[in-house]
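The sequence shown maps to residues 2 to 316 in the working numbering. Even glycine gets a Cβ: it sits at the ideal position worked out from N, Cα and C. A quick write-up on the structure given underneath.
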Amino acid sequence: MHQYPQGWYAVAESREVGRTGPVGMRRFGVDLVFWRENAGNLVVQRDLCPHRSVKLSLGSITKSGTIACPFHGMQFDAGGACRHVPETGKPASALCLQTFWTVERYGFVWLWIGDEAPQVDQVPWFDELDDSFDYATIVEHVDCHITRAIENQLDFVHLAFVHRTTIGRGFDPTRKATVESDDSSVKFSVQQNEKFADSSICFKMPNIWMNTITKRFRIMLAFCPIDENRTRIYLRTYQALVTWPLLGSALTRLMNQSNRIVFKQDSRIVNSHPAGASTDTGAGELLFAGDGPIRHLRRLWEKAQKHRVASGLHG
């Protein structure tokens, strides 16, 4: 399997996992089952019963707060221990379900990827996205590696070509970007006019991105690896322009309709990338000045590979 940098990854939205039953999702090339205990605490485990290798996401949540296999009824707790085998009426210590570190923040489910024990206070986020904003989410997919999906959103020159009929209409591809980078993020801005003097784009490792259009209007993305060649993208439009709840919600949903059109223009192009990470397949590419943010991202990604994980997941 491809290797992923260590860190907290936004992998789903909390609203996708209710209390009525388990939910199966594929992330990092691994099938996972998401479910909630009786108290509502989220659990993420390998979607593979250690008894006969069927999907636990096809099972159910018991009254005692365990997940039950649909095949032979084995019940597993939030720590992965088998608490009950119907055939024997006893627990089975030899059956252990792989369980992963997870936390819920900002309406997302975050999964820890790495060998070292995680620190919850290191979940990445954009402090600017506070409770004064209303937001709405749309979900899209691209058929490319997460690095290619991220790079597309750090590429401003392509606006004049891929998006010439939408957000790139009239964009001058000769404009220069001011780029800042540290050990965990890349930020850049392309000055357009006084109206968008505060505009910028920022990516934070390992998988979140924010476009500041104005201080009160921002777009946030979370890039979730399904596997090496597919990426699920959560796109949130945040706005604090309209504070009346009903009207504000309607406005964000309307904005997202435009975002879908723009996204479709992008996906047509990024889906044509070769399989694999850009840090692997892009060695022969010649980057120009406008690719500055992408150059910084590749350096970050390659540096983070020192703490990479072969399967992407460790319990």
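### Query
Is it the case that the Cβ atoms of F1 and A178 are separated by a distance below 9 Å?
Residue 1 lies beyond the residue range present for the chain, which begins at 2 and ends at 316; the question has no answer from this structure.
### Task
Name the two residues that bound the continuous beta strand (DSSP E) containing I295.
Counted as a single uninterrupted DSSP element, the stretch harbouring I295 is not any beta strand (DSSP E) but the alpha helix (DSSP H) occupying residues G293 to A305.
### Task
On a CA-only basis, which of A79, G277 and W302 is nearest S376? Give me that one, please.
Since the first residue of the chain shown is 2 and the last is 316, residue 376 is not available in this structure.
### Reduced DSSP category for G80 - H, G, I as helix; E, B as strand; rest coil
Coil.
### Query
Given Q154, which residues of its chain have a CB within under 6 Å of its CB, disregarding the five upstream and five downstream residues?
Around Q154: W210.
#### Entry: Those residues which DSSP pairs with D32 across a bridge
In DSSP, D32 forms a bridge with R27.
### Task
Confirm, please, whether the CB-CB distance from W36 to I62 is below 9 Å.
For I62 and W36, yes; Cβs fall inside 9 Å.
### Message
Report the CB separation of S190 from S200 in whole angstroms; it is logged as a contact under 8 Å.
### Response
Rounded, the Cβ-Cβ distance is 6 Å, consistent with contact.
### Message
By the three-class DSSP mapping on this structure, what secondary structure does S186 have?
### Response
Here DSSP, grouped into helix, strand and coil, assigns S186 to strand.
### Task
State whether the region 241-250 contacts the region 131-147, with contact taken as three or more CB pairs (one from each stretch) at a distance under 8 Å.
Yes: at least three Cβ pairs fall under 8 Å.
### Task
Measure the C-alpha to C-alpha separation of T166 and D78 and round it to an integer number of angstroms.
When rounded, the distance between both Cα atoms is 53 Å.
### Query
Using DSSP with H/G/I as helix, E/B as strand and the rest coil, what is G313?
At G313 the pLDDT is 49, less than 50, meaning the model places this residue with poor confidence and gives no usable figure here.
### Message
Let's see if you can read the secondary structure: which residues bound the alpha helix (DSSP H) around G249?
### Response
Element bounds for G249: P246 to V271.
### Task
Reducing DSSP to helix, strand and coil, say where S94 ends up.
The answer is strand: DSSP assigns S94 an E or B state.
### Message
Between which two residues does the alpha helix (DSSP H) holding N212 run?
### Response
Counting along the chain, N212 falls outside any alpha helix (DSSP H), though it belongs to the beta strand (DSSP E) covering I209 to T215.
### Sequence-distant residues of its chain with Cβ nearer than 8 Å to D173 (five each side left out)
In chain order, A161 place their CB closer than 8 Å to the CB of D173, counting only its own chain and leaving out the 5 sequence neighbours on each side.
#### Entry: Within 9 Å, strictly: CB atoms of R28 and P246
Contact: no.
### Task
Rank S94, P92 and W113 by C-alpha distance to the C-alpha of T100 and give the top, closest one.
Distances from the CA of T100 to each of S94, P92 and W113 were compared; the closest alpha carbon is that of W113.
### Task
Count the other C-beta atoms from every protein chain shown that fall within 10 angstroms of the C-beta of L222, then say buried if there are 16 or more, exposed otherwise.
L222 should be labelled buried.
### Range of the contiguous alpha helix (DSSP H) that encloses I151
Residues I147 to N153.
#### Entry: Contact check, F157 vs G291, beta carbons under 9 Å
Yes. Within cutoff.
### Message
Using C-beta distances below 8 Å, list every residue in its chain close to E105, excluding the 5 sequence neighbours before and after it, in chain order.
### Response
Result list for E105: S15, L43 and W111, in chain order.
### Message
So, at 6 Å on beta carbons, what are the nonlocal neighbours of P119 in its own chain, with the 5 sequence-adjacent residues on each side left out?
### Response
Here the set comprises W102 and W113.
### Query
Is R219 closer than 9 Å to N230 when the C-beta atoms are compared?
The answer is no: Cβ separation not under 9 Å.
### Message
Considering only the alpha carbon of each residue, which of T232, I139, A251 and V163 lies closest to G30?
### Response
The closest CA to that of G30, considering only T232, I139, A251 and V163, is found on T232.
### Message
Using only CA atoms, which one of V140, K216, R300 and G22 lies nearest to I68?
### Response
I68 has its Cα closest to that of G22, out of V140, K216, R300 and G22.
### Message
Excluding the 5 residues flanking S94 on each side, which residues of the same chain have their C-beta closer than 6 Å to its C-beta?
### Response
Short of 6 Å from the beta carbon of S94, and not among the five residues preceding or following it, lies no beta carbon of its own chain.
#### Entry: For D131 and R237, the rounded distance between their alpha carbons
Each residue's alpha carbon lies about 13 Å from the other.
### Query
From G283 to V163, what does the alpha carbon distance come to, in whole angstroms?
The C-alpha of V163 is placed about 20 Å away from the C-alpha of G283.
### Query
Is T280 helix, strand or coil when you go by DSSP?
In the three-state reduction of the DSSP assignment, T280 falls in the helix class.
#### Entry: Residues near G66 by beta carbon distance below 7 Å, same chain, minus five either side
Result list for G66: E38 and N39, in chain order.
### Task
Kindly indicate which three-state DSSP category E117 falls into: helix, strand or coil?
E117: coil per DSSP, three-state reduction.
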